[in-house]
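Below you'll find the structure, written out as structure tokens, and then a few comments.
Residue numbers (my numbering): 6 to 798.
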């Protein structure tokens, strides 16, 4: 790649270029003047690393390198003394402003663990990410875009690298040569993502980095070639609008249409023709316009409306108006047309299309499924996978046996890297699930292998079936129908993941649920029945009775109730001991913290994080709501609102009285404890905290809640990992067949923008109050009770 970019070096001010002033405010926050020199030093270090990069890659970032060079010649406020980068990062966390200063936190990130192995890799990743983020942010600011999730996700990679929380991501990136041209670099990152395709976090992290660099390449490459759209370059679409309806004298609705301008010679590929058949060539958007006070950028408003529409709740995605989703009536007519005209014997392309609807996977994915031909299905010993001799059976496949055809799903949960702490509580086996397939499936397997057809034969069969059924279904619509049906029927997320062939890393609800096989098979057979498919060989279903997939950490009700009874018997003895003076105030305080956690955990199913349950301002007892911030914050808050159970409200009232009592302590030994209580009451400190002995003189120290110390405080009486309650709550709600979207909303498994408390969600938060009554009954059946506060003698 030739370096034909032109950089204007005559600018006297670093902020003379449009958008640079906003970039400078983003990198050097006005509220933190004492940090500016340190941040400039970090930027300069990133520039030094780029000196070793390939020249064409460095040319894409030349405007940022020149801008940082000009910043170095300016005068800056004096630096704060005694503040290291690590202390600065801790300050951002303590003040809860990390989400406002993502780039600052990334610039200050320093590798603490594995320097000998990963120092060079970290320097390359940090420099590339920071400078590319600066470049894209500058471009965004010029276009009036203030937030960009791609940039935030890429910067987050660097911060996760420092915290050593993505060991597989580090391993994947260590195989990438950052010093090659950007096109080859993008290919290398994509290859590593494909290699780790089964690990959800590696895929997300590498995709964020690739998206950042690809957008940089596309934006700057175009600028370097032509500067902007060349006079001969024709736009691909034209925006047209007309007034459809006047609401009153000043308010009207405009219908905006994006019309394709496919002019000149154009030859579409086969796959493009097929995909475009499922989409409208004219995209229309309704725009409500009031009294206009000046010129309006219709294009910007149009893009804004489309962006909002795309982020609306997933509950609207199953409406018939979505042309990408086939309706049940269309599928039924299509299936009937295929079955009616397919031959009674021998392979035929019609069966190929039918199987695509049933399995919900592409032809390539289906052809990769191995076929095992045997008199009967081979089954491993209950609780164990196959040994090395039959290790090839540990996976997904199809069994062709004497009594029918079966789809084998191999569901691995116990070895999930996402839930390592739960391995000792999960079964030592993963689950083999056998799903019956229609009888005609055997016609595609007469030779013991999948029958193959020419592309022309498949296209002709699809065209003929569409003609007879009066439909225009595409390959994509047939492939995605299983998923759309499961979502339309409100099937639980864990079962959706199992039936669609996901792993526990790709679908975390699978590892958080205890799902009985009978429930999965019942949904599967109902799906086939609605398609009009005939299935036989029910004998194997009875042999699977009683087995389950997912987290066996959730114990049966009798055993769980027994554990809680022993635990609460111990609590009662401690209350009596405290009244008699045999338990110190600090010991009882920690006991009360632990019990508050237990009740809140079984009410909200929150993730165990540092400063769990936030501060006092995060809940309202009158509204019976608590705000959970157990996901890492983004530019848009990812907090969710969860209703509180009756038991949780009672325990929080007791806790507030306990904090009030602590805040009025005057003994010197309790000074630290009283200060922490006052800060909690005034919203200046964490709501829950431990009191620990500091040294031999008996001084106290305050420890914020963290998953590590939660385990220490619970192990003696309730020896479960810190996130056991999420498994218990989800499995209990799933067993009662609660709506899947309500369960996901409670556990925070909904995608960003689909939360019940999100402004664009179509679901009222009042729906979540249905869960309170269910959880109240559960707590009552467990015999769970509140723990009273400290009684003064």
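Note that beta-carbon positions come from the ideal geometry of N, C-alpha and C, so glycine has one too. As the structure is a prediction and not an experimental result, all values here were calculated from the model.
Can you tell me the Cβ-Cβ gap for residue i and residue j, rounded? I've got them flagged as a contact below 8 angstroms.
i           : j           : result
residue 739 : residue 518 : 5 angstroms
residue 621 : residue 649 : Not really, about 14 angstroms apart at Cβ, beyond 8 angstroms.
residue 719 : residue 599 : 7 angstroms
residue 602 : residue 795 : No, residue 602 and residue 795 are not in contact; Cβ-Cβ is about 17 angstroms, not under 8 angstroms.
residue 503 : residue 515 : 6 angstroms
residue 690 : residue 684 : 3 angstroms
residue 455 : residue 376 : 7 angstroms
residue 484 : residue 367 : 6 angstroms
residue 28  : residue 143 : 5 angstroms
residue 610 : residue 730 : 6 angstroms
residue 207 : residue 173 : 5 angstroms
residue 163 : residue 111 : 5 angstroms
residue 403 : residue 374 : 5 angstroms
Look up residue i in the DSSP assignment and say whether it is helix, strand or coil.
i           : result
residue 629 : coil
residue 400 : coil
residue 671 : coil
residue 124 : helix
residue 392 : coil
residue 443 : coil
residue 204 : coil
residue 573 : helix
residue 57  : coil
residue 73  : helix
residue 514 : helix
residue 423 : Note that residue 423 scores a pLDDT of 39, beneath 50, so its modelled location is shaky; the value from the coordinates is reported in the next line. It is helical.
residue 488 : helix
residue 451 : coil
residue 690 : coil
residue 179 : helix
residue 795 : coil
residue 502 : helix
residue 174 : helix
residue 102 : coil
Count the other CB atoms within 10 Å of the CB of residue i; is the residue buried (16 or more) or exposed (fewer)?
i           : result
residue 545 : Any answer about residue 545 is weak, because its pLDDT of 44 lies below 50 and its placement is not dependable; what the coordinates show is given next. It is buried - the Cβ of residue 545 has at least 16 other Cβ atoms within 10 Å.
residue 785 : exposed
residue 352 : buried
residue 236 : For residue 236, the pLDDT reaches just 42, beneath the cut-off of 50, and the residue's location in the model is therefore unreliable, leaving the point undetermined.
residue 673 : exposed
residue 497 : buried
residue 625 : exposed
residue 199 : exposed
residue 346 : exposed
residue 808 : It is not possible to answer for residue 808, since the shown part of the chain is limited to 6 through 798.
residue 78  : exposed
residue 131 : buried
residue 507 : buried
If you follow the alpha helix (DSSP H) that residue i is part of, which residue opens it and which one closes it?
i           : result
residue 4   : No statement about residue 4 is possible, as the shown extent of the chain runs from 6 to 798 and does not include it.
residue 598 : 590-609
residue 686 : 676-686
residue 779 : 775-787
residue 82  : It is not in any alpha helix (DSSP H) - residue 82 carries neither H nor E in the DSSP assignment.
residue 474 : 460-474
residue 39  : Per DSSP, residue 39 belongs to no alpha helix (DSSP H) and is neither H nor E.
residue 343 : 333-346
residue 29  : 25-32
residue 497 : Looking at the DSSP string, residue 497 is not in any alpha helix (DSSP H), and its letter there is neither H nor E.
residue 739 : 729-740
residue 484 : 480-484
residue 386 : Note, residue 386: premise wrong, no alpha helix (DSSP H); not H, not E.
residue 368 : 368-372
residue 159 : 154-167
residue 349 : It is not in any alpha helix (DSSP H) - residue 349 carries neither H nor E in the DSSP assignment.
Please name the residue or residues paired with residue i in a DSSP beta bridge.
i           : result
residue 646 : 632
residue 414 : 438
residue 707 : 696
residue 357 : Per DSSP, none; premise fails for residue 357.
residue 378 : 405
residue 624 : 631
Give the range of the beta strand (DSSP E) segment to which residue i is assigned.
i           : result
residue 519 : 519-521
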